[in-house]
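One structure below.
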Amino acid sequence: MNSIWVRTHIFPLIQLVFVVEIMDCRLARPSKEMVRLTADLIWKSPHFFNTIKERELDLRGNKISVIENLGATEDQFDTVDLSDNEIVKLENLPNLNRLGTLLINNNRITRINPNIGEFLPNLHTLVLTNNRIVNLVEIDPLTSLPKLQFLSLLDNNITKKVNYRLYVIHKLKSLRVLDFKKVKDKERLEAKNLFESKEAIEEAQNTPAPVETPDVSEATEEQQTPKVTAPTPEQIIAIKAAIVSSQTLEEVARLEKALKSGQLPADLKSLTDNIMIDNVNEKQDVVPDESKDTQEQSNTDSTAMEQD
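Shown next as structure tokens:
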């Protein structure tokens, strides 16, 4: 067999079959359950010296929903990474005098312990990117952190509030960098003048975020663009059958495009429908004919009565 023909015809087919098998496995993969932050998990998690020579504990991506048992760290870490979990409240912290950096981005945080500063007196860096903090008043507990210098609240709805940045600067006097932008003296002065009265602070806290109006062209484009959906088991069977019978590279490319977009061509849809019909017919064949059994039983009873 010509080696060029093998490379141009067989290898693409093998690659496409491999992609289909991966997607098939993903469909059957169970969802990961929530994990408790136990002392055993803390001891078994990676810990190392990071790039700035600080001792770091890596607890990210564990589906943790509640902060607990951090006392098991024995206050031996400068940095704790709790990113990519399911934490809702930043609370239940032990006394961690050594902790200087807390990374807790990509969670679901809506509430912060009002007394957080009592437990983290030396915290200077707090990353809360991509959480669910909505109102300005919800960051007031951070005023109890006397050494907080670096704070990120990006990708929280609070950032859409009117005068959000000036409010945070006014509340957190020691802050040097907010959302990865240096706090300027001009901003400090503006924040001081804007929030010099309690009425101004209360008004800012009660002012809702401006409503965003979606662009008409973007909304139309989103409606016209079909959603990419994972193929059903019947569709996977149809794609595998089509791959086996493919004769040209054009057919392989067409199948690959259909697989990525989640939109099956008309010929594959009809094949999928046939597979589903066959499955239904097989199930119907398995079901016993109850009416026939009832009729036979009735005939038997009638014969017995006549003999009597």
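Counting from 1, one number per residue, gives the positions in the sequence shown under the UniProt record's numbering.
Heads up, the beta-carbon is just placed ideally off N, CA and C, and yes, glycines get one too.
### Query
Out of curiosity, what's the CA-to-CA distance linking residue 132 and residue 242?
46 Å
### Buried versus exposed call for residue 185 [16 or more other C-beta atoms within 10 Å across all chains shown]
exposed
### Message
Helix, strand or coil for residue 144? Go by DSSP, reduced to three states.
### Response
helix
### Query
Is residue 129 helix, strand or coil when you go by DSSP?
coil
### the stretch 77-90 touching the stretch 48-63, judged by at least three CB pairs closer than 8 Å
yes
### Message
Assuming residue 47 is part of the beta strand (DSSP E), what are its boundary residues?
### Response
47-49
### Query
In chain order, what residues of the same chain lie with their CB nearer than 7 Å to the CB of residue 74, ignoring the 5 residues before and after it?
none
### Query
Looking only at its own chain, which residues have a Cβ that is under 7 Å from the Cβ of residue 39, when we skip the five neighbours before and after it?
69 and 72
### Message
Beta-carbon within less than 8 Å of residue 87's beta-carbon, same chain only, minus the 5 sequence neighbours each way: which residues are those?
### Response
64, 65, 66, 67, 104, 107, 108 and 109
#### Entry: Distance between residue 37 and residue 197 (C-alpha atoms, nearest Å)
43 Å
### Task
State buried or exposed for residue 180, treating a residue as buried only when at least 16 other CB atoms are found within 10 Å of its CB.
exposed
### Task
Go through its chain and collect everything with a Cβ distance to residue 157's Cβ below 6 Å, but skip five positions before and after it.
134
### Message
So for residue 56, helix, strand or coil by DSSP?
### Response
strand
### Task
May I ask which residues mark the beginning and end of the alpha helix (DSSP H) holding residue 81?
Not the alpha helix (DSSP H): residue 81 falls in the beta strand (DSSP E), residues 79-81.
#### Entry: Distance between beta carbons of residue 97 and residue 122, contact taken as under 8 Å
6 Å
### Task
Could you say which of 42, 159, 172 and 203 lies nearest to residue 188 if we only look at CA atoms?
172
#### Entry: Per-residue DSSP class, three states only, for residue 173
coil
### Query
Hey, out of 239, 199, 193 and 50, whose CA is closest to residue 170's CA?
193
### Message
Taking the alpha-carbon of residue 143 as reference, which of 253, 33 and 126 has the nearest alpha-carbon?
### Response
126
### Query
Leaving out the 5 sequence neighbours to the left and right, which residues in its chain are closer than 6 Å to residue 93 when beta-carbon positions are compared?
119
### Task
To the nearest angstrom, report how far apart residue 232 and residue 252 are at their CA atoms.
20 Å
### Cβ-Cβ distance between residue 89 and residue 111 below 9 Å
yes
### Message
As a quick exercise: from 136, 191, 159 and 140, pick the residue whose alpha carbon is nearest that of residue 129.
### Response
159
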